[in-house]
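So the structure is just underneath, and the comments pick up after that.
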Amino acid sequence: MKENNNASVEEKIGYKDIIREKEFIKYLISKMISRFGDSIDVIAYGWMVFKLTGSAAMLATLFAVNGIPSFVFNIFTGVVVSYWDKKKVVYLCDYARGLIVLGTAILFMTGNLETWHLFVFTFLNSTFEAFRSPAAMPLFKKLVPAKKYDYAVSADSMGATLMELVGYGAAGVIIGTLGVGCAIAIDAGTFLVSGIMISFIKVEKEELQKVKKAVNQYSKDLIDGFKYVVKDKTVFNICIFAGIFNLFLVPFNSLQVAYVDTILEKKPVVLSIMSVTFLIAMMLGGFIAPILKKRLSGKKMIVLSGLLISIGYVALSQLGKINQSNYLYPALISSCILMGTAIPILNLPIKVGIMTKIEGEYLPRSISLINALALSMTPIGGAIVGFIILFISLDNIYLIFGIATLLLFLVQIFNKPLDEL
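The end of the sequence shown is residue 1673 by this note's numbering, with every number in the run present.
Listed below in C-alpha cells is the structure:
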C-alpha cells in the first residue's frame, strides 16, 4: 500500500513543482541568459569566419580545435573538480569565458583580430568549459530533489532553448544595427552575468575530500572513476553511443553556414529560420519528453529520436535539388522540426539515467570521463569532415552521415544495457 501511495505522489509531480525550487530557478535563469548570448554569437561568429576565409574547411577545423580540450582535459578535470567547490568552479569558468569572448570582440572591433587568435581563443574557451561541465551536473543535482529530475531536466532544456530562440531572432537585428563585434561583446556580457547569478545560488556546503593533491592521488582517483564507468555497462554504453553520435553530427553542427550559402544558395536569414524552427521544435520536444517517458522506456525514446533525426538529416541533404522551388521552405522547416523535436527526447532518458545511476562521490569524475569519451569524436570528426569536404560535396556528406546516424540508432534496438534506462 505504501509503494502505491509513493507511485501516486510521483505521478502528480509536474512543471509547477519545479517553480517552487528557488535555487534551481536561479540556476535556470543564469543558463537562459548565457544561452541568449551564445545564440547571437553562433550566427555572428560563424558567418564572420566563413565570409572572411570563404572556407568551409576552416569552419570544420575550428570546430575540431574547439573539441580538443573537451577530449584531452575532460579526462582529468573531473578528478580535479572533485576537490573543489562545484558552484565556485561553475561561476569562475563563466567569468573566464566571458573575458575571453570580450577580448575577441575588442580585437575584432579594433581591426586587430587575426586567424591565429581564433584558434587560441577557441581552445581556451573550450578548456574552461571542460572544467565547468563536470561541476555543473553535481550542482544541478543538489538543487532539485531526485523525484523532480524528469521535469527539472525538461525545464532546463526548454528554458535554455527559449532564450536561444529569442537570441536567434534578435541576432539579425543586433548584427545589422550594431555589427558583429558588438554581438560578440553581448555574448561576453551574458557569460559574466551568468557567473554572477550562479555565485548567489544557495547550496548545501560540500564536504570536499581533504587529501594531499599529489599526482599519485589524482591518478588513483582517475583510475577509480574509469573503472566505475566501465563497470556499469549502461553508463559505458552511453559513452560509446554518445561518442559515435557526436561524430555523425559534426557536418550538421559545423557546416550549417556553408550549407545555407553553397547548397541552398541563400542569405544568412535562412540560417536564422533554421535555428528558430529548430529551437521551437526543441521546446516542443522538451515539453513532451517527460510525458512520453511515462509511456515509453528510455531505450524506445532513444530509438524513436534517432529515427526522427535521421529522416531530417537525410532530407536536408536533398534540399539543394529544390533550392529555387516554392517547396524549399516547407521542406527545410519540416526537417528542422523533426530533428529539433528529437533532441530533448533523446537527452532526457540519458541525463536522468546518469544522475540516478552514478553515485554522488563518483559523479564529477564520471561525467568528465563520459564527456571525454563522447567528445573525443568531435575533433576527429572535424578533421575528417574538413578533409573529405575537399573531395565530396556537402550535400553528399549530409546524406552519408544521415544514413550512418540511422544505422547507429537501429543498432541500439539490440543494445541490452540500455534496457535499464
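Using N, Cα and C, we set each Cβ at its ideal position, and we do this for glycine too.
Suppose you measure from the CA of ILE1665 to the CA of ILE1358; what does that come to, to the nearest Å? 50 angstroms
Item to complete: Can you give me the Cβ contacts of PHE1561 inside the same chain, cut-off strictly under 8 angstroms, excluding the 5 residues immediately before and after it?
Response: Note that residue 1561 corresponds to Ile in the displayed sequence, not to Phe. Around ILE1561: LEU1590, MET1591, ALA1594, ILE1595, LEU1598, THR1657 and PHE1661.
Item to check | Given SER1533 as reference, the closest of CYS1588, LYS1552 and PHE1392 once Cα atoms are compared | outcome: For clarity, residue 1533 is Ala in the given sequence; the question names Ser instead. Among CYS1588, LYS1552 and PHE1392, the Cα nearest to that of ALA1533 belongs to CYS1588.
**Message:** Check whether the stretch 1284-1301 and the stretch 1426-1434 touch, using three or more Cβ-Cβ pairs below 8 angstroms as the test.
**Reply:** yes
field: Delimiting residues of the alpha helix (DSSP H) encompassing VAL1604
entry: 1580-1609
Specify the secondary structure class of TYR1335 as computed by DSSP and reduced to three states.
coil
Give me the Cα-Cα distance between ALA1437 and TYR1420, rounded to the nearest whole angstrom. 16 angstroms
Hey, how far is the Cα of VAL1487 from the Cα of GLN1576? 46 angstroms
Figure out for me which residue from ILE1281, VAL1372, LYS1551 and VAL1522 has the closest Cα to the Cα of LEU1571. VAL1522
Terminal residues of the continuous alpha helix (DSSP H) containing THR1413?
1401-1430
### Query
For the alpha helix (DSSP H) that contains LYS1551, what are its first and last residues?
1550-1570
Option in PRO1601, ALA1541, PHE1500 and ILE1574 with minimal Cα separation from ILE1655
PHE1500
task = Please check the pair GLY1447 and GLY1355, which I expect to be a contact at CB under 8 angstroms, by giving their CB distance rounded to whole angstroms.
result = In fact, because the Cβ distance is near 16 angstroms, the residues do not count as touching under 8 angstroms.
C-beta atoms of LYS1457 and ILE1270 nearer than 8 angstroms: no
message: Quick check: what's the CA-CA separation for LEU1370 versus SER1378?
response: 12 angstroms
message: For ALA1407 and LYS1339, I'd like the C-alpha separation in whole angstroms.
response: 20 angstroms
Is the beta carbon of SER1282 less than 8 angstroms from the beta carbon of ILE1450? yes
Next on the checklist: Considering only their Cβ atoms, is the gap separating LEU1600 from VAL1405 smaller than 8 angstroms?
Outcome noted: yes
| said: Less than 8 angstroms between the beta carbons of ASN1498 and PRO1669, yes or no? | reply: no
Report task. Kindly indicate which residue of THR1374, ALA1382 and LEU1365 has the alpha-carbon position closest to the one of VAL1341. Result -> ALA1382
Rounded C-alpha distance that separates ILE1427 from ILE1475:
47 angstroms
> Taking the alpha carbon of TYR1581 as the point to measure from, which residue in GLY1633, ILE1525, ASP1647 and MET1553 has its own alpha carbon closest?
Replying inline: ILE1525
Candidates ILE1496, SER1569, MET1415 and SER1527: which alpha carbon is nearest ILE1644's? SER1569
Handout entry: Where LEU1280 falls, given that 16 or more other Cβ within 10 Å makes a residue buried
Key = buried
Q | Start and end residues, alpha helix (DSSP H) containing ARG1547 | A | First-last for ARG1547: undefined, no H or E at that position.
Quick check: GLU1416 and LEU1507, are their CB atoms within less than 8 angstroms of each other?
no
**Report entry** Spatial distance of ASN1667 from SER1527 (CA atoms)
**Finding:** 32 angstroms
Grouping DSSP H, G and I as helix and E and B as strand, with all else coil, what is PRO1503? helix
**Asked** Do THR1442 and ILE1285 come within 8 angstroms of each other at the CB atom, strictly closer than that value?
**Response** yes
Let me know if PHE1653 comes out buried or exposed under the rule of 16 or more other beta-carbons within 10 Å of its beta-carbon. buried
Original post:
If you draw a straight line from the alpha carbon of ALA1422 to that of GLY1363, how long is it in whole angstroms?
Top reply: 25 angstroms
- Task: Give me the Cα-Cα distance between LEU1365 and PHE1375, rounded to the nearest whole angstrom.
- Result: 16 angstroms
DSSP state of ARG1287, grouped into three classes?
helix
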